[in-house]
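Residue numbers (the numbering used here): 24 to 307.
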């Protein structure tokens, strides 16, 4: 029924994860855990996930980090009906209803985020739940990769781009955006899940963001057309400008990346004294 795929670097985490799945997935569910030992294999996460998925026995896949814990029993019975719908793409637990044409991760704006997970924050567990009123699943365009359900047939149409992404960042945004072109992605609001570690948004991450942006920029922006949760053009313009400013500041620190293309991007928003101030702040 379900093939669970893990790119593992910590044996203790993996054993705890395997125990948690056995105790929570639900009675009688057929599943397998395909764990790539990446301390030995040293693959990119895209390559590791593609290799394991190609060996999977079951029609449903779960790509998941080993530092994740399901907090309730019987979670598969809650996910499978949604995942089996013909138009369903990727199901995760954190995502965004919109992405603009700017070098950034999936979390471009807090007001666009749809969240349902618990994470450690300053040593304490904190619940992040946002974007759910009456719905059990909320449609999004891109997802965080700490846990992603997808049908094997959908993965076969759009495998992870291991030629582009050689590390451990942006695989989730790239994959979910690819799937979003043909299917509908969702954040699950009916299963409680705990993810121990937050992301690492360092220089390595930003370099992968630039690669991903170069691939996708001519197909952005994308958003969910939902009458109950409309996205205003004014918000998109404001967020776009803010993200382009942040990108200029980050590119300044990368000596091997040309700055001028990112300055030109910012000029596209229209020049004013405030824009000039932003450019000076970014590069002086």
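By construction, the Cβ of each residue, glycine as well, lies at the ideal position given by its N, Cα and C atoms. Note that the structure is predicted; figures quoted are calculated from it, not measured.
On the DSSP bridge assignment, give the partners of residue 77 in chain order. Paired residues: none, contrary to the question.
Quick one: residues in its chain with C-beta nearer than 7 angstroms to the C-beta of residue 150, no 5 flanking neighbours on either side, listed in chain order? 141
Can you give me the Cβ contacts of residue 53 inside the same chain, cut-off strictly under 6 angstroms, excluding the 5 residues immediately before and after it? By the criterion of a C-beta distance shorter than 6 angstroms, residue 53 is surrounded in its chain by 24, once the five residues flanking it on both sides are discounted.
For residue 247, the first and last residue of its enclosing beta strand (DSSP E): Premise fails: residue 247 is in no beta strand (DSSP E) and is neither H nor E.
Cβ pair count under 8 angstroms reaching 3, the segment 156-165 against the segment 245-257: yes
Coil, strand or helix - residue 83 by DSSP: In the three-state reduction of the DSSP assignment, residue 83 falls in the strand class, which pools E and B.
Residues of its chain near residue 60, where Cβ-Cβ distance is below 7 angstroms and the 5 sequence neighbours each way are ignored: 31
Tell me whether residue 193 sits in a helix, a strand or coil according to DSSP, three-state version. coil
Who pairs with residue 111 in a beta bridge, going by DSSP? 207
Looking only at its own chain, which residues have a Cβ that is under 6 angstroms from the Cβ of residue 236, when we skip the five neighbours before and after it? These residues qualify, in order along the chain: 126.
7 angstroms Cβ cutoff met for residue 48 and residue 85: no
Out of 207, 169, 276, point me to the one whose CA is closest to residue 230's CA. 276
Decide yes or no for the touch test of the segment 65-74 against the segment 34-47: beta carbon pairs closer than 8 angstroms, at least 3 of them. Touching, no, given that fewer than three Cβ pairs across the two stretches are closer than 8 angstroms.
Would a C-beta distance cut-off of 7 angstroms place residue 154 and residue 195 closer than the cut-off? Cβ distance not < 7 angstroms, so residue 154 and residue 195 don't count as in contact.
Span separating the alpha-carbon of residue 79 from that of residue 51: 19 angstroms
Can you give me the C-alpha to C-alpha distance between residue 102 and residue 215, rounded to a whole angstrom? 12 angstroms
Is residue 216 helix, strand or coil by DSSP? In the structure shown, the three-state DSSP call for residue 216 is strand.
Could you tell me which residues DSSP pairs with residue 136 in its beta bridges? Within the DSSP bridge table, the entry for residue 136 names 119 as partners.
Going by C-alpha to C-alpha distance, which of 29, 281, 111 sits closest to residue 64? For residue 64, the nearest C-alpha among the options comes from 29.
Terminal residues of the alpha helix (DSSP H) in which residue 26 lies: It is not in any alpha helix (DSSP H) - residue 26 instead sits in the beta strand (DSSP E) that spans 25-31.
Take the Cβ of residue 131 as the centre, count every other Cβ of all protein chains shown within 10 Å, and call the residue buried at 16 or more, exposed below. Burial check for residue 131: the Cβ neighbour count within 10 Å reaches 16 or more, so the residue is buried.
For the candidate residues 262, 170, 152, whose alpha-carbon lies nearest to that of residue 115? Considering only alpha carbons, the answer is 170.
Quick one, are the C-beta atoms of residue 207 and residue 97 less than 7 angstroms apart? no
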